[in-house]
Structures are given as C-alpha cells and as structure tokens.
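These notes are about the structure you will find just below.
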C-alpha cells in the first residue's frame, strides 16, 4: 500500500516543534542547575555571569560600530555622487540650506520627503543636462580619436 507523503512544510513544522520541545526540556534542566550552582559558588557564578555580560556588550558595540561605519561610507558615496550630479555650489549653497529649513519646520517625514523630491525634480534637469552634454561630447571625441587611430594604422 502506498503511503501518502507529507508536504515539506508539514515536515519542517514537525522538525521545528521537535527542536523547540527539546530546547524547552534542556532549559528546564539547566535553570535549576544554574540556581544551585549560584547558591553553592556565588563568586564563581558572579565572575562567569559578569564575563558573559561584558562579552555580549562588547560584541554588540563592535557590531554597532561596524554598521555605523558602513552607513557612513554609503552616505559619503551618495554625497559625492550628489555633488557630482548637481554641482558644488548648488548643493552647498542652495540644496542643504533648503533641506535644513524643510526639516526644521517640524513636519511629518512624508511632507519633508515630498517637498524635497519636488524641489529636486524642479531643479535637477538643468545640471543633469549639462553633465549629459559634457559626457556625450567626451564620448564623441573619444570615438573620433579611436577612428582616427584606426585609419592611420591601416595606411601605415
């Protein structure tokens, strides 16, 4: 007789339930042992508990520093690209003061984001078109240089 196979999600559910029941039983055994050990050897228990707290705190602080460093790197890259795309004078003399005024008006985050994106949408096209024109002219010059070199290489 063929057996009906269970769905993989049901098998996973059974494994998780088995794991959790075993974990609860282990914790039920460990907690009374720790309580008895802390009564019998309070100084040793305090030393190990303090060492564990210091270690966990140190690891959390190290991870927070790593996250902050990565966020800072992302913000620096975004800032540099923003300055490149919009221009130094535009960013530092118009965009940042306007963003500061919008944020300090103590409005909702949605309102701030809407005003800021509307401002960027109204003012970004001019500088982006200048950058795009500069890039296309550089690409045309490069293509002409490559074409000239290939033509001279054929005749020599």
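In the numbering used here, the protein residues as written are 10 to 165.
Beta carbons: idealized from backbone N, C-alpha and C, even for Gly.
Residue i and residue j: beta carbons closer than 7 Å?
i, j, result
"residue 111", "residue 103", "no"
"residue 47", "residue 54", "yes"
Determine the extent of the alpha helix (DSSP H) in which residue i is found, giving its start and end residues.
i, result
"residue 109", "105-113"
"residue 96", "No alpha helix (DSSP H) holds residue 96; DSSP gives it neither H nor E."
"residue 15", "From DSSP, residue 15 is part of no alpha helix (DSSP H); its letter is neither H nor E."
CB-CB under 8 Å to residue i, same chain, minus the five flanking residues each way: which ones, in chain order?
i, result
"residue 100", "91 and 92"
"residue 62", "none"
In chain order, what residues of the same chain lie with their CB nearer than 7 Å to the CB of residue i, ignoring the 5 residues before and after it?
i, result
"residue 109", "none"
"residue 10", "In this prediction, residue 10 has a pLDDT of 48, which is less than 50 and means its spatial position is unreliable; what the coordinates show is noted afterwards. For residue 10, where only same-chain residues beyond five positions count, there are no Cβ hits under 7 Å."
"residue 131", "none"
"residue 107", "128"
Using the Cβ count rule (16 or more neighbours within 10 Å means buried), how would you classify residue i?
i, result
"residue 95", "buried"
Take residue i and list the residues in its own chain whose beta-carbon comes closer than 6 Å to its own, dropping the five residues that flank it on each side.
i, result
"residue 79", "none"
"residue 127", "none"
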